[in-house]
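Residue numbers (this note's numbering), protein chains in the order written: chain A, 1 to 110; chain B, 111 to 224.
Step one of this worksheet: look at the structure below.
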Amino acid sequence: SQLAEENSWALSVHEGESVTVNCSYKTSITALQWYRQKSGKGPAQLILIRSNEREKRNGRLRATLDTSSQSSSLSITATRCEDTAVYFCATDTNAYKVIFGKGTHLHVLP
Amino acid sequence: NSKVIQTPRYLVKGQGQKAKMRCIPEKGHPVVFWYQQNKNNEFKFLINFQNQEVLQQIDMTEKRFSAECPSNSPCSLEIQSSEAGDSALYLCASSLLGNTGQLYFGEGSKLTVL
Chain A
1 SQLAEENSWA LSVHEGESVT VNCSYKTSIT ALQWYRQKSG KGPAQLILIR SNEREKRNGR
61 LRATLDTSSQ SSSLSITATR CEDTAVYFCA TDTNAYKVIF GKGTHLHVLP
Chain B
111 NSKVIQTPRY LVKGQGQKAK MRCIPEKGHP VVFWYQQNKN NEFKFLINFQ NQEVLQQIDM
171 TEKRFSAECP SNSPCSLEIQ SSEAGDSALY LCASSLLGNT GQLYFGEGSK LTVL
């Protein structure tokens, strides 16, 4: 079973619009991370938010964390075509691993 | 730009052949992870190391898969006898803090088993 998973398989928006990707997880965590993977590339981290934090920003990106509902969101404002990618949430575990969700495909249309 | 170097980028093997992939982690990162990513983008954790020691590995790794991270040499992941189901992107990542810190990924080695 997935310990972390995004709630949407795919999203499409037009350039300039905002979009939010949601993630739920099943275990207690120390930190939740958001990664982006573009076609043909390895994943790149966008934001790391620790369990004692509720919100973290990185430029046009904003991540929230709600440990009571075991959920997180990643919002992207003023989307650009280059934001087209697969977005993953990932959580640590108590067994040295980092578990990735199944990913949300985001398509930003011109 | 990724500073984790994975080679080769692509490899094609027949069933039963060995497949070996290498990874040079980011300098100073003591923790290395290997993941298998299938065509549906799903990640499967395979093994991780802290310095040269195995921290955690899955059962699959214990059978046909072997991995090592020797000091002063690239880390490696080897599949002893490739199967069609092993076709995937194999991703190596390194981390300064282990599983509570950022993972820095390489571009991956894409294995196709014919």
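Just so you know, even glycine gets a beta-carbon here, dropped at the ideal spot from N, CA and C.
Residues of the segment 17-32 of chain A with Cβ closer than 7 angstroms to any Cβ of chain B, in chain order: Thr-30, Ala-31
Could you tell me the boundaries of the beta strand (DSSP E) in which Gln-166 of chain B lies? Taking the first residue of the second sequence as position 1, residue 166 of chain B is located at position 56. Element bounds for Gln-166 of chain B: 163-167.
Under 8 angstroms between the Cβ atoms of Ser-176 of chain B and Glu-188 of chain B? In the second sequence, counting from the first residue as 1, residue 176 of chain B sits at position 66. In the second sequence, counting from the first residue as 1, residue 188 of chain B sits at position 78. Yes.
What does the alpha-carbon distance come out to for the pair Ser-186 of chain B and Asp-83 of chain A? Here residue 186 of chain B corresponds to residue number 76 of the second sequence, with the count starting at 1. Here residue 83 of chain A corresponds to residue number 83 of the first sequence, with the count starting at 1. For Ser-186 of chain B and Asp-83 of chain A, the distance between alpha carbons rounds to 32 angstroms.
Residues of chain A with CB under 7 angstroms from Leu-213 of chain B, in chain order? If you number the second sequence from 1, residue 213 of chain B lands on position 103. Neighbours of Leu-213 of chain B on chain A, chain order: Gln-45, Val-98.
Going by the DSSP bridge assignment, what does Asn-22 of chain A pair with across the sheet? Translated into the one-based positions of the first sequence, residue 22 of chain A becomes position 22. A:Ser-73, per the DSSP bridge assignment.
Taking the C-alpha atoms as reference points, what is the distance between Ser-1 of chain A and Glu-217 of chain B? Numbered from its first residue, the first sequence carries residue 1 of chain A at position 1. Numbered from its first residue, the second sequence carries residue 217 of chain B at position 107. Unreliable positioning characterises Ser-1 of chain A in this predicted model, as indicated by a pLDDT of 40, which lies under 50. A coordinate reading is not provided.
Integer Cβ distance of Leu-61 of chain A from Leu-46 of chain A, believed to fall under 8 angstroms: Counting from one through the first sequence, the residue named residue 61 of chain A turns up at place 61. Counting from one through the first sequence, the residue named residue 46 of chain A turns up at place 46. Rounded, the Cβ-Cβ distance is 6 angstroms, consistent with contact.
Backbone CA spacing between Gln-125 of chain B and Gln-146 of chain B [nearest angstrom]: Numbered from its first residue, the second sequence carries residue 125 of chain B at position 15. Numbered from its first residue, the second sequence carries residue 146 of chain B at position 36. Approximately 18 angstroms between the Cα atoms of the pair.
Cβ neighbour criterion (16 or more within 10 Å) applied to Gly-138 of chain B: Here residue 138 of chain B is taken as the residue at index 28 of the second sequence, counted from 1. Gly-138 of chain B is exposed by the Cβ-count criterion.
At a Cβ threshold of 8 angstroms, is Gln-190 of chain B touching chain A? For the purposes of this step, residue 190 of chain B is identified with residue 80 of the second sequence, where counting begins at 1. No, Gln-190 of chain B lies away from the interface with chain A (no Cβ there is under 8 angstroms from its Cβ).
Can you check whether the C-beta of Glu-152 of chain B is within less than 8 angstroms of a C-beta belonging to chain A? Along the second sequence, one-based indexing puts residue 152 of chain B at 42. Yes, contact with chain A.
How close, in whole Å, do the beta carbons of Val-122 of chain B and Leu-224 of chain B come, if the pair is a contact with beta carbons under 8 angstroms? Counted from its first residue, the second sequence places residue 122 of chain B at position 12. Counted from its first residue, the second sequence places residue 224 of chain B at position 114. 7 angstroms between Cβ atoms; contact.
Determine whether the Cβ of Phe-175 of chain B lies closer than 8 angstroms to any Cβ atom of chain A. Here residue 175 of chain B corresponds to residue number 65 of the second sequence, with the count starting at 1. Phe-175 of chain B does not count as touching chain A.
Could you check the C-alpha separation between Lys-173 of chain B and Gln-167 of chain B for me, to the nearest Å? On the second sequence, position 63 is the one that residue 173 of chain B refers to. On the second sequence, position 57 is the one that residue 167 of chain B refers to. If I take the Cα positions, the gap works out to 11 angstroms.
Please confirm whether Ser-1 of chain A has its beta-carbon closer than 8 angstroms to some beta-carbon of chain B. As a first step, residue 1 of chain A must be located in the first sequence, where it is residue number 1. Low per-residue confidence applies at Ser-1 of chain A: pLDDT is 40, beneath 50, and the placement is therefore not dependable enough to give any value.
Interface flag, Gln-166 of chain B vs chain A, CB-CB below 8 angstroms: For the purposes of this step, residue 166 of chain B is identified with residue 56 of the second sequence, where counting begins at 1. Yes, because at least one Cβ of chain A sits closer than 8 angstroms to the Cβ of Gln-166 of chain B.
Using a Cβ-Cβ distance under 8 angstroms, would Pro-118 of chain B count as near chain A? Residue 118 of chain B sits at position 8 when you count from the first residue of the second sequence. So no, Pro-118 of chain B is outside the interface.
Within 8 angstroms of any Cβ in chain A, is that where the Cβ of Asn-209 of chain B sits? As a first step, residue 209 of chain B is located in the second sequence; it is residue number 99 there, counting from the start. At least one chain A Cβ lies under 8 angstroms of Asn-209 of chain B.
Pair within 8 angstroms by beta-carbon distance, Thr-104 of chain A and Val-13 of chain A: Taking the first sequence and counting its residues from 1, one reaches residue 104 of chain A at position 104. Taking the first sequence and counting its residues from 1, one reaches residue 13 of chain A at position 13. Taking 8 angstroms as the Cβ cut-off, Thr-104 of chain A and Val-13 of chain A do not qualify as a contacting pair.
Where Thr-79 of chain A sits in the DSSP three-state scheme: The count along the first sequence starts at 1 and reaches residue 79 of chain A at position 79. In this structure, Thr-79 of chain A counts as coil in the three-state DSSP scheme.
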